[in-house]
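Read the structure below first, then the notes.
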Amino acid sequence: FIVNTTNWILNKPRKYNLLDGNNDLQIEYYSYDGVQNQAPQDKGELTRVDKWSSTDGVQTTIYDYDFYGNLISITDALGRITEYDYGINDYTYTFKERETNALGHVTNYEYDLGTGNLLWQEKNNIKTYYYYDNFSRIWKEVEAYDSYYSPTKEYVYTFDGIAPEKVQVLEKISENETRETLYFYDGFGNFVQMKQEADGNLSIVKDFFYDDKSRIKAESIPYYLSKDSEFSLTSTYTTNYSYDALDRVIQIRNPDGTRKIIKYVQYNVTTLDERNNKIVYLLDAYDRIINIYEYNSFPELNNTWNNFYSNTTYSYDVADHLIKIIDNQSNVYSYSYDSLGRRVGMSDSDLGC
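For the sequence shown, the working numbering gives the first residue as 449, with consecutive numbering after it.
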């Protein structure tokens with residue numbers, strides 16, 4: 449880290465170095481307030497990042513800021529510049545009002561200065577407008593060729609303090625036709641039902657059920673109901689979930705009564721599918737899969753390492769890149785990366801390379 453004790457700038461890293469044994473795998477240098485290899489001057493604004501590339505030398509990214517600390521430009525390692533403009537209409541210089549990419553494509557924005565709500569955005573001279581209700585909730589979205597009185601999308605909130613509460617979304621699908629989707633929420637804000645308008649005066653419905661910890665304990669398969677605008681609960685075909693004390697799913701019961709079981713024992717995760725096929729995943733200390741053992745119709749869920757028909761091994765480097773796979777036939781697949789994490793090489797025994 450590099451510090452400026454006078455201005456209490458104490459948390460700025462100067463160098464990041466990832467080692468693989470005694471070798472440098474990744475190196476990054478950080479500069480602040482427009483100076484290199486020195487302590488931050490007054491603000492601690494990140495202005496330069498130099499990344500060592502094992503194939504292309506040093507890759508430098510430059511950041512520039514205005515007087516208020518707003519990021520106004522980024523120049524990447526290829527010299528491509530993305531610019532951000534403030535203060536066009538917003539005299540407080542709070543909101544980004546224009547973005548220009550390296551190809552000169554411009555996107556304009558305008559905000560409500562009181563609420564921070566986006567009022568419109570413009571791309572290729574085409575504006576999309578946004579309107580809000582008195583609670584700053586999105587109310588209407590108006591795209592090209594639509595209007596305030598005939599919006600592209602409209603939101604209607606029916607909140608009366610009695611659960612479930614309802615949000616109605618009307619989305620235009622043709623010049624004179626809209627499609628209705630209803631979202632219902634319980635008193636804790638959990639999403640409990642969706643009704644989407646379908647053909648033939650019907651709705652497609654899906655339900656969600658929660659336990660006392662607000663975990664999904666069941667969800668219905670989508671089903672048809674006669675179209676209406678109220679909450680209804682008629683589904684009997686659900687997928688059910690059970691959890692352990694750490695909120696991990698340990699059983700999934702399907703609508704047809706079949707089930708999938710998951711068991712966690714330290715760094716082993718064992719699954720038993722609906723046909724009693726067992727798969728054991730062995731994890732390392734970083735929760736990366738390092739072995740997969742596959743079994744056929746194993747009758748019991750346990751950690752016995754015998755009788756598997758397939759074992760696949762995975763290896764990683766210190767940067768979490770997958771560098772080797774060895775399958776059950778002892779075929780080896782190797783991968784190599786440069787210091788920027790880009791894959792630059794591959795060895796596949798099946799392809800003879």
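From the three backbone atoms N, C-alpha and C, an ideal C-beta is built for every residue, glycine too.
Would you kindly work out how many angstroms separate the C-alpha atoms of S680 and E591, rounded to a whole number?
Taking the first residue of the sequence shown as position 1, residue 680 is located at position 232. Taking the first residue of the sequence shown as position 1, residue 591 is located at position 143. The straight-line gap from Cα to Cα measures roughly 33 Å.
Can you tell me whether I621 is buried or exposed, with buried defined as 16 or more other CB within 10 angstroms of its CB?
Taking the sequence shown and counting its residues from 1, the one referred to as residue 621 is at position 173. The residue in question, I621, is exposed, as its Cβ has fewer than 16 Cβ neighbours within 10 Å.
Pick helix, strand or coil for E545, following the three-state DSSP scheme.
Locating residue 545 in the sequence shown gives position 97, counting from the first residue. E545 falls in the coil class under three-state DSSP.
With a 10 Å radius around its C-beta and 16 neighbouring C-beta atoms as the bar for buried, classify S787 as buried or exposed.
As a working mapping, residue 787 is identified with position 339 in the sequence shown. Counting Cβ neighbours within 10 Å, S787 comes out buried, since at least 16 surround it.
Measure the alpha-carbon distance for A767 versus L473 and round it to whole angstroms.
To locate residue 767, count along the sequence shown from 1; it is residue 319. To locate residue 473, count along the sequence shown from 1; it is residue 25. Their backbone Cα atoms lie some 8 Å apart in a straight line.
Residue ranges of each beta strand (DSSP E) run of no fewer than 3 residues wholly in the stretch 546-628, ordered along the chain?
546-548, 554-559, 566-571, 574-580, 586-590, 601-606 and 613-622
Three-state class that DSSP yields for Y757 in the structure shown:
Within the sequence shown, residue 757 is the residue found at index 309, counting from 1. Reduced to three states, the DSSP call for Y757 is coil.
Within this structure, are the beta carbons of I727 and Y689 separated by less than 8 Å?
Taking the sequence shown and counting its residues from 1, one reaches residue 727 at position 279. Taking the sequence shown and counting its residues from 1, one reaches residue 689 at position 241. Their beta carbons are not under 8 Å apart, which means I727 does not touch Y689 by this criterion.
Exposed or buried, which one is N751 when buried takes at least 16 other CB atoms within 10 Å?
Walking along the sequence shown from the start, residue 751 turns up at place 303. Interpretation of N751 is limited by its pLDDT of 49, a score under 50 that renders its predicted location unreliable; the figure taken from the coordinates is listed afterwards. The residue in question, N751, is exposed, as its Cβ has fewer than 16 Cβ neighbours within 10 Å.
DSSP three-state assignment for A646, whether helix, strand or coil
Numbered from 1 along the sequence shown, position 198 holds the residue referred to as residue 646. Strand.
Compare the C-alpha of S797 against each of P670, S778 and S784 and name the closest.
The residue given as residue 797 occupies position 349 in the sequence shown. The residue with the shortest Cα to Cα distance from S797 is S778.
Name the DSSP bridge partner or partners of S501?
Here residue 501 refers to the residue found at position 53 when the sequence shown is read from its first residue. DSSP, once it has assigned bridges, lists G505 as partnering S501.
Closest to S502 by C-alpha separation, out of M794, L526 and Y785, would be which residue?
Taking the first residue of the sequence shown as position 1, residue 502 is located at position 54. Answer by Cα proximity: Y785.
When DSSP labels each residue in this structure, what does E742 get in the three-state scheme?
Counted from its first residue, the sequence shown places residue 742 at position 294. If DSSP states are grouped into helix, strand and coil, E742 belongs with the strands.
Would you kindly work out how many angstroms separate the C-alpha atoms of R546 and T555, rounded to a whole number?
Locating residue 546 in the sequence shown gives position 98, where the first residue counts as 1. Locating residue 555 in the sequence shown gives position 107, where the first residue counts as 1. So the alpha carbons of these two residues sit roughly 6 Å apart.
Closest by CA to V640, which one among E623, V615, D594 and E493?
In the sequence shown, residue 640 corresponds to position 192, counting from 1. With distances taken between Cα atoms, V640 lies closest to V615.
So, for N759: in the same chain, excluding its five sequence neighbours on each side, which residues have a beta-carbon less than 8 Å away from its beta-carbon?
As a working mapping, residue 759 is identified with position 311 in the sequence shown. The residues are N739, I740, Y741, E742 and N776.
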